[in-house]
């Protein structure tokens with residue numbers, strides 16, 4: 001892995017190969033939930049723990065009450081709203 005070029009590493013990254021689910025149904029992101037996500041952002045600074053952020057994210061996003069079938073698609077739509085700063089830049093690449 002150490003001998004891979006940056007291009008080769010990015011080609012094999014899970015982020016690049018991820019397929020984002022799009023629901024065929026109208027799933028609404030509630031304003032209150034989005035406000036909670038904005039109030040608890042992950043910014044990517046050194047002292048932040050990404051695992052703690054994911055736990056908080058799932059607690060907040062899981063309170064939507066949506067059926068399990070549509071949960072993943074909604075979570076994937078909501079997750080970018082929980083990021084700011086360096087983390088948002090990285091995710092958007």
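Residue numbers (full-length UniProt numbering): 1 to 93. Heads up, the beta-carbon is just placed ideally off N, CA and C, and yes, glycines get one too.
Identify whether residue 24 lies in helix, strand or coil by the three-state DSSP scheme.
-> Here residue 24 is taken as the residue at index 24 of the chain shown, counted from 1. Note that residue 24 scores a pLDDT of 47, beneath 50, so its modelled location is shaky; the value from the coordinates is reported in the next line. Residue state, collapsed to three classes: coil.
Close beta carbons around residue 23, own chain, < 8 angstroms, minus the five adjacent residues each side | Position 23 of the chain shown holds residue 23. Per-residue confidence for residue 23 stands at a pLDDT of 48, beneath the threshold of 50, marking its modelled position as unreliable; no derived number is given.
Give the straight-line distance between the Cα atoms of residue 84 and residue 92, rounded to the nearest whole angstrom.
-> The sequence position of residue 84 within the chain shown is 84, counting from 1. The sequence position of residue 92 within the chain shown is 92, counting from 1. Rounded to whole angstroms, residue 84 to residue 92 spans 11 angstroms at the Cα level.
Neighbourhood of residue 33 by C-beta, 8 angstroms cutoff - its chain only, sequence neighbours within 5 removed | Indexing the chain shown from 1 puts residue 33 at position 33. Taken in chain order, the residues that qualify are 60, 61, 63, 64, 78.
Element boundaries [alpha helix (DSSP H), containing residue 60] | Walking along the chain shown from the start, residue 60 turns up at place 60. Run containing residue 60: 50 to 61, per the alpha helix (DSSP H) assignment.
What are the partner residues of residue 83, as DSSP defines its beta bridges?
-> Here residue 83 refers to the residue found at position 83 of the chain shown. 42.
State the CB to CB distance for the pair residue 50 and residue 42, rounded to an integer number of angstroms; the pair is presumed to be in contact (CB under 8 angstroms).
-> The residue given as residue 50 occupies position 50 in the chain shown. The residue given as residue 42 occupies position 42 in the chain shown. Residue 50 to residue 42, Cβ: 6 angstroms. Contact.
Helix or strand or just coil, what does DSSP make of residue 76?
-> As a first step, residue 76 must be located in the chain shown, where it is residue number 76. In this structure, residue 76 counts as helix in the three-state DSSP scheme.
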